[in-house]
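Heads up, the thing below is written out as structure tokens.
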Amino acid sequence: MSDARAYGNSNVDTTVLGADEIILNMGPQHPSTHGVLRVKLKLDGERVVDSECIIGYLHRGVEKIAEHRSYQQFAPYVDRMDYVAAVSNGLGYCEAVEKLLGTEAPPRARVVRTILTELQRIASHLLWLGTHALDIGALTPVFYCFREREEILKIYEKYCGARLTTHAFRIGGLQYETYDGFEHDVKRFCEDFDKKIDEYETLLTENRIWVGRTKGIGILSAEDAIALGVTGPVLRASGMKWDIRKAMPYAAYDQYEFEIPTRPTGDTYDRYLVRMEEMRQSRRICLQAIENIPSGPIMARIGKVLKPPPGEVYHAIEAPKGELGYYVVSDGTTQPYRVRVRPPSFINLQAFDKMARGSLVADVVAIIGTIDIVLGEVDR
Amino acid sequence: MNHLIPPSIQPYVFSVLYGIVIVALLPLLAGYIVLVERKVMADMQARLGPMRVGPHGLLQPIADALKLLIKEDIVPEKADRFLFWWAPVLSVTMALLAYAAIPFGPVFQIADLNVGLLFILAISSMGIYGIVLGGWASNSHYSLLGALRSAAQLVSYETAAGLGLVSALMLAGSLSMKEIVQAQYDQGVWFAFVVPVGFFIYFVGSIAETNRAPFDLPEAESELVAGYMTEYSGFRWALYFLGEYANMVVVGSIATTLFLGGWLRPFARNHDLLWGTSIELLDIVPALLFLGVAAYSFWTARRQPVQIQKLVMVAVGALCVVLAAVMTAALFASPAVMQGIHGAFWFLAKVFGYIYVFLWVRFTFPRYRFDQLMRLGWHFLIPLALVNVIVVGVTIVLQQNWEWRHPMLAAVATTVIMLGVAAFLAQEEKQHQESMPAAER
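Below, the structure written as structure tokens:
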């Protein structure tokens, strides 16, 4: 095993004994690359000597499309980047354009946005948990996770008619008032959900096989994480207490109490624990927010045609997967001059090689799962 | 009837007949085990499972088999055609061959070999060749990795499972499957209760041997796509599948025979009679069970949405009534027939119980990683099995010399000692893990 470690750290010639390295193409069609990611692995036996992520199979030119659409027209497109957290995408874009316009959504809209975005964080983490467990070979949690995720999607469906790519928010606030019983639905979900997280944890957290498969796997130190620009739960599991909801509060996050979970070692197990705790914290935020939704208008007065003054703005939010930033440049017309998205999945994926080198093939799927990527967002 | 058959072939008639029955029924059985698996899985995962083909998906296995039969049989261009064609056949043949020595009852057995257990173990290890050759012949990286994994895994876990069996063998004092069951009747206790540690070791080893989760590394769906079967399609793939499920029945049968009393019914030495008759009270249990299932089928038949589904449900109920009638009729037949039929019932019931636990484990645990799997095998199970053999051996000798006739005494003593050893090994393992640098864990 010590040899193998050496392979991970330096370019030892593994062919001295006539042992050939195998090049294994994982993906773009593979059950656990979470979409059309292709990973080229150089293997010595089952140990990864080198890896390379090949992306672009889902490139749709979202940023270019923005240059030919009006500001409102582009809003539904952002939902299709991180399609498992469409609401968060929408929030980031709407707030970026609002910043460019120099307006703000009214308080009621901001609280409703916070609730829906936090529910989306739970939904996204649930999907991550299910698929991650499935990759490691636990077949059952995925169905439990989908059961709870379904409740969240039902709330979205009742709110705006769509479940996945919701286009729930509008620039300047909300299009729709909350439906009757919205508070009741969210509250009931949050109250039940606590027990459900415990249920997942009884299946996994103390499970010897699960711990063996995740502890010490794909370690990412805080320095490396920062150097690679990694954000979100992956960064927090490396010990950095960085959360844009606290650091640069947006929407209504400054009004609520919640904690930023961190863990010291930055391995797969820590990232699992961080995300589990984040679900609990999101639930806490929802419960606080639902108690007191201010009344008032849901839309700021911004007019029908948006013509932001020339200028540029960068606005970032804490999406479920990390820092989701929108850099929007206006030339004073109805269409953005340039929209650049900083997708968390794309940048977190850079850490893959660092994590995967020296590990086994079985760990590779665990590592892909733990980074929590959505290829729609990586390739845009 | 005997006078119709020439005496020279008389000993073979029933064996050949049983052989044909087994080969004909096994694919069907395997198909229905798959259905049971999917239903159990669905139940544990809060969903319904197959519901479309027939009521409660009862015709699903037939539809699946039909689909696999008419699918295109793709052979990769650079595959070794000869081996690629024959590997799955080898796999399924070896699985079927093992049934030759399995006693489904005191009568229903193809061949009562005096080395029956050794024969089954030898034949089922031959099945690995099907996997290794198929993986190699596919000329694909995923298949190759799967095949290599399976070779290493099966070799290590067969050792552990074999040593687990030895403890039961020592108690029985015979390798003939029939005599092992007879020994459990004579001693009045199933060996699983006397050597629970040996049973546990065999259980874990047999999961690994049949490539089931959490030891399903050779196919490891999320890592190796489908492992050694990646390049297979159509009916060749189905043969592998059949081999896997046939193997599950084989290991279930071995466990049932050695540890769970084979065809003996629970409380086999309790001869309480049903009032006023010569029928033993416990012998009416199978008939009652079938009647219960029949009642349920008739009751749900009314609620099936489609006419054909109603008919199938009624047919299932009728089948259960027939089986109940057979079970009851057997009570009045000659003792040999009665024991044959009831023995087969209890034997299969135990095998299915064993397989159910397999499924349960599969849907609960994540998958081991390859190095962890080997470590568990060589550093935990094999030492534990070796110590178990010694402890059980010493206890048997002590029993014989000091006239400790109560068998459960041995069970308590061995189990306490073995739990101590297991704790020690687990502790060792933990220390080993902690002493390793994080990157190598």
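Those protein sequences? They're chains A and B, same order as listed. In this text, residue positions in the first sequence follow the numbering used here: the first is 9, and each later residue adds one. In this text, residue positions in the second sequence follow the numbering used here: the first is 1132, and each later residue adds one. Every residue gets a Cβ at the ideal spot worked out from N, C-alpha and C, and that includes glycine. Bear in mind that the values here come from a model prediction, so they are computed numbers and not experimental data.
*asked:* Going by DSSP in three states, A:E60 sits in which element: helix, strand or coil?
replied: strand
_Proximal residues, the stretch 44-55 of chain A versus chain B, C-beta separation under 7 Å_ = E54
*asked:* On the DSSP bridge list, what partners appear for A:F471?
replied: What is shown of chain A runs 9 to 388, which leaves residue 471 of chain A out entirely.
_Can you look up A:H76 in the DSSP assignment and give me helix, strand or coil?_
coil
*asked:* My assumption, with CB atoms under 8 Å, is that B:L1479 sits in contact with B:V1171. Please give the rounded CB distance.
replied: The beta-carbon separation of B:L1479 and B:V1171, rounded to 17 Å, does not stay under the 8 Å limit for a contact.
*Is B:N1532 buried or exposed, if buried means 16 or more other CB atoms sit within 10 Å of its CB?*
exposed
*Interface residues of chain B around A:R155 at Cβ under 8 Å?*
Chain B residues near A:R155: A1177.
*Under 8 Å Cβ to Cβ from B:M1379, same chain only, skipping five residues before and after it: list those, please.*
I1164, T1341, R1343, I1486, F1489
_Quick check: is the beta carbon of A:G220 nearer than 8 Å to any beta carbon in chain B?_
yes
*Would you say the beta carbon of B:Y1427 comes nearer than 7 Å to a heavy atom of the ligand FMN?*
In the structure shown, the ligand FMN is absent, as is every other ligand, since no ligand is present at all.
*If you draw a straight line from the alpha carbon of A:D380 to that of B:D1317, how long is it in whole angstroms?*
60 Å
*Straight-line Cα distance separating B:V1552 from B:I1338*: 22 Å
_Let me see if you follow: with CB-CB separation under 8 Å, is B:F1494 close to chain A or not?_
yes
*Using alpha carbons as the reference points, say which of B:F1511, B:F1366, B:G1261, B:R1169 lies closest to B:K1202.*
B:F1366
*Determine the closest residue to A:W218 out of A:M307, A:D278, A:E60, A:I310, with distance taken between C-alpha atoms.*
Closest option to A:W218, Cα to Cα, is A:D278.
_Taking the beta carbon of A:D143 as the centre, do at least 16 other beta carbons fall within 10 Å, making it buried, or is it exposed?_
buried
*Which whole runs of the beta strand (DSSP E) in the stretch 307-359 of chain A are 3 residues long or more, in chain order?*
319-327, 330-338, 344-350
*Would a check of beta-carbon distances place A:H76 closer than 8 Å to chain B?*
A:H76 is outside the set of residues whose beta carbon lies under 8 Å from a beta carbon in chain B.
*Counting contacts by CB-CB distance shorter than 8 Å, is B:G1243 in contact with chain A?*
Checking the sequence shown, residue 1243 of chain B turns out to be Asp, not Gly. No, its Cβ sits nowhere closer than 8 Å to a Cβ of chain A.
*Please check if any C-beta of chain A sits within less than 8 Å of the C-beta of B:F1501.*
yes
*asked:* Let me see if you follow: with CB-CB separation under 8 Å, is A:H42 close to chain B or not?
replied: no
*Give me the Cβ distance between A:T122 and A:Y334, rounded to the nearest whole Å; I'm assuming they're in contact under 8 Å.*
At roughly 18 Å, the Cβ-Cβ gap does not stay under 8 Å, so A:T122 and A:Y334 are not in contact.
*For A:L368, which residues in chain B fall below 8 Å Cβ to Cβ?*
Going along chain B in sequence order, the residues near A:L368 (Cβ under 8 Å) are R1500, F1501, D1502.
*If we call anything under 8 Å between Cβ atoms a contact, is A:E60 one with A:K72?*
No, Cβ-Cβ distance for A:E60 and A:K72 is not below 8 Å.
*In the DSSP assignment, find the unbroken beta strand (DSSP E) run with A:V395 in it and report its ends.*
Because chain A here runs from 9 to 388, residue 395 of chain A falls outside it and cannot be looked at.
_To the nearest angstrom, how far is the alpha carbon of B:L1373 from that of B:G1180?_
21 Å
*asked:* Excluding the 5 residues flanking A:F201 on each side, which residues of the same chain have their C-beta closer than 6 Å to its C-beta?
replied: Once the five neighbours on either side are set aside, the close Cβ partners of A:F201 are R291.
_Can you check which of these residues, A:T139, A:L124, A:Y184, is closest to A:E159 by C-alpha distance?_
A:L124
*From the DSSP output, in three-state form, read off B:I1241 for me.*
coil
*Taking the C-alpha atoms as reference points, what is the distance between A:G220 and B:V1328?*
24 Å
*Ordered along the chain, which non-local residues of its own chain (more than five positions away) have a Cβ less than 7 Å from that of A:K254?*
I268
_Once DSSP output is grouped into helix, strand and coil, what is the label at B:R1169?_
helix
*So, is B:T1387 buried or exposed, given that buried needs 16 or more other C-beta atoms within 10 angstroms?*
buried
_Which of helix, strand or coil DSSP assigns to A:V386_ = It is helical.
*To which residues of the same chain is B:T1431 closer than 7 Å at the C-beta, ignoring the five residues directly before and after it?*
M1444
*If you follow the beta strand (DSSP E) that B:M1182 is part of, which residue opens it and which one closes it?*
Per DSSP, B:M1182 belongs to no beta strand (DSSP E) and is neither H nor E.
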